[in-house]
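Numbering (the numbering used here), first residue to last: 2 to 371.
Every residue, glycine too, gets a C-beta built ideally from N, C-alpha and C.
Following: one structure in structure tokens, then a few remarks.
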Amino acid sequence: FVGRLFVKALGKPSDILRKLTEMAGFTPDEEIELYEEIKFEPNVMCEHIDKKLTFRASQLEDGDIVCFQKSPKADSGTQVRYPDIPSFLEYVHNRQVVHFRSLEKPKDDEFCLELSKLHTYDDVVERVARQLGLDDPAKIRLTSHNCYSQQPKPQPIRYQGVEHLLDMLVHYNQTSDILYYEVLDIPLPELQFLKTLKVAFHHATKEEVVIHSIRLPKNSTIADVIIDLKTKVDLSSPTAELRVLEVFYHKIYKIFPLHEKIENINDQYWTLRAEEVPEEEKNPSQHDRLIHVYHFTKDPLQNQIQNFGDPFFLAICEGETLAEVKGRIQRKLQVPDEEFSKWKFAFISMNRPDYLQDSDVVSARFQVNC
């Protein structure tokens with residue numbers, strides 16, 4: 002902003018050129034071009050002013066904004082990013098400083114880039130790759146920011162899945178200035194034909210749980226997951242069988258059948274757990290029963306049960322008492338006697354615990370009514 006001028010309605014812009022060059026600190030003989038900034042929001046509207054027409058003929062009135070610049074030199078040979086006022090105003094209007102964070106460290110800014118809201122998907126990943134010194138921009142995967150949770154959105158942006166940078170930043174009616182990035186080991190277009198599952202492997206004899214990333218074509222099955230997983234884990238024996246479970250809030254909800262396709266399996270909210278099938282479960286008799294065993298605590302104030310820890314299956318025999326079952330549970334979990342003596346056992350139905358005595362026959366509580 003260089004000042005204000007009062008002009009005659011029937012005067013011409015050519016009458017005030019010397020005054021304008023003086024206000025801007027240009028030399029008196031500097032040639033300048035004039036534009037009217039009609040509006041800036043929601044879109045820029047800026048039109049060239051004919052210096053030979055009167056202000057009234059150009060529809061210039063009180064309060065209108067006149068912008069001016071040096072006239073471009075046709076023979077200068079210099080490349081200018083924004084050669085005129087309309088292109089510069091478009092740049093200012095769409096300029097967006099974006100804070101990039103590694104998806105592995107979603108709280109910390111790694112770097113900032115000045116971009117344009119009109120930049121394409123390819124423009125953005127190219128700039129990020131350049132910032133990171135990466136040769137292949139296709140190995141960059143971006144994730145948008147959730148303005149309400151202040152966390153990354155659960156699903157990343159698909160390869161060329163949005164048109165412009167602005168589409169990456171808008172979350173409902175709010176606009177963010179944060180994007181998360183990952184550097185992939187293969188190009189994203191290839192990765193999108195694959196399904197990556199995080200599977201927690203529970204070893205038969207070791208307490209440590211190891212998370213494995215299984216990457217397979219989307220039309221693969223659970224059987225393919227198990228085959229791949231066997232190449233990554235130490236089994237108790239070469240003939241060990243594996244199964245994959247779906248766990249949510251410390252309860253087992255499903256044993257995946259081997260033929261189930263992996264494409265629609267969600268490991269964002271559910272935990273996928275792989276484990277060896279115990280020998281006693283492989284050839285059950287018709288009287289054996291496979292029951293769910295959960296750790297639980299009871300809130301005395303709200304009279305509610307809350308599960309915790311790792312749930313598991315246990316094969317019980319007909320007529321087996323709680324005392325016998327407890328012994329197998331203690332050996333399975335390797336709990337010291339002193340601690341185990343404090344444990345209570347209950348049959349849970351309708352979220353209500355029915356505490357058992359050592360002499361109770363456990364299988365009697367799991368009878369199926371035909």
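If you draw a straight line from the Cα of V81 to the Cα of K40, it is about 24 Å long. Closest by C-alpha distance to L104, out of L135, E183, S117, G26, is E183. Counting C-beta atoms within 10 angstroms of its own C-beta, E340 has fewer than 16 neighbours from the protein chains shown and is therefore classed as exposed.
For the pair L119 and H165, the CB atoms are nearer than the 8 Å cut-off. F297 is bridged by DSSP to N308. One thing to note: E37 has its Cβ no nearer than 8 Å to the Cβ of L54.
DSSP places H204 in the coil class of the three-state scheme, outside both helix and strand. Taking a 10 Å sphere around the C-beta of T144, we find 16 or more other C-beta atoms and assign the residue as buried.
Around the beta-carbon of C47, 16 or more other beta-carbon atoms lie within 10 Å, marking it buried. Counting C-beta pairs with one atom in each stretch, the stretch 235-250 and the stretch 203-211 have three or more that are closer than 8 Å, which means they touch.
Listed in chain order, the non-local C-beta contacts of P285 below 8 Å within the same chain comprise L291, A316, local neighbours out to five positions each way being set aside. Assigned with DSSP and collapsed to three states, H94 falls in helix. A distance below 6 Å between beta-carbons, with the five flanking residues on each side excluded, links V210 to the following residues of its chain, in chain order: A201, H203. The beta carbon of L167 lies closer than 7 Å to those of K118 in the same chain, with the five residues before and after it left out. For the set Y181, D225, A25, the Cα lying nearest the Cα of K196 is the one of D225. Within a 10 Å sphere around the beta-carbon of R19 sit fewer than 16 other beta-carbons, which makes this residue exposed. The three-state reading of DSSP puts L357 in coil, since its state is none of H, G, I, E or B.
Short of 6 Å from the beta carbon of V98, and not among the five residues preceding or following it, lie these beta carbons of its own chain, in chain order: C113, E115. Looking at E191, T232, K233, the one whose alpha-carbon comes closest to that of K219 is E191. Beta-bridge partners assigned by DSSP to P153: H146.
Taking a C-beta distance under 8 Å as the contact criterion, L90 and K140 do not qualify as a contact pair. Secondary structure in the stretch 96-142: the beta strand (DSSP E) runs of 3 residues or longer, each lying completely within the stretch, are 96-103, 112-117 in chain order. One thing to note: H251 has its Cβ within 8 Å of the Cβ of N308. Looking at the DSSP output, R216 shares a beta bridge with T197. Within the same chain, and ignoring the five residues on either side of V278 in sequence, the residues whose Cβ sits closer than 6 Å to its Cβ are E242, R244.
Per DSSP, the unbroken beta strand (DSSP E) holding E34 starts and ends at 33-40.
L302 carries a coil assignment under DSSP once its states are collapsed to helix, strand and coil. Comparing C-alpha distances from T232 to each of S342, R159, S214, E247 shows the shortest one belongs to S214. Excluding its 5 nearest sequence neighbours in each direction, E281 has C-beta neighbours in its own chain below 7 Å: A316, listed in chain order. About 13 Å separates the CB atoms of F257 and E264; that is not less than 8 Å, and the two are not in contact. Shown here, Q175 sits in a strand according to DSSP, grouped into three states. In the three-state reduction of the DSSP assignment, Q331 falls in the helix class.
In the three-state DSSP reduction, A241 falls in the coil class, being neither helix nor strand. Taking D355 as the centre and dropping the five residues before and after it, the same chain places the C-beta of A347, F348, I349, R366 closer than 8 Å to its C-beta, in chain order. Burial state of S59 is buried, judged by a 10 Å Cβ sphere holding 16 or more other Cβ atoms. For the pair I306 and G134, the Cα-to-Cα distance works out to about 52 Å.
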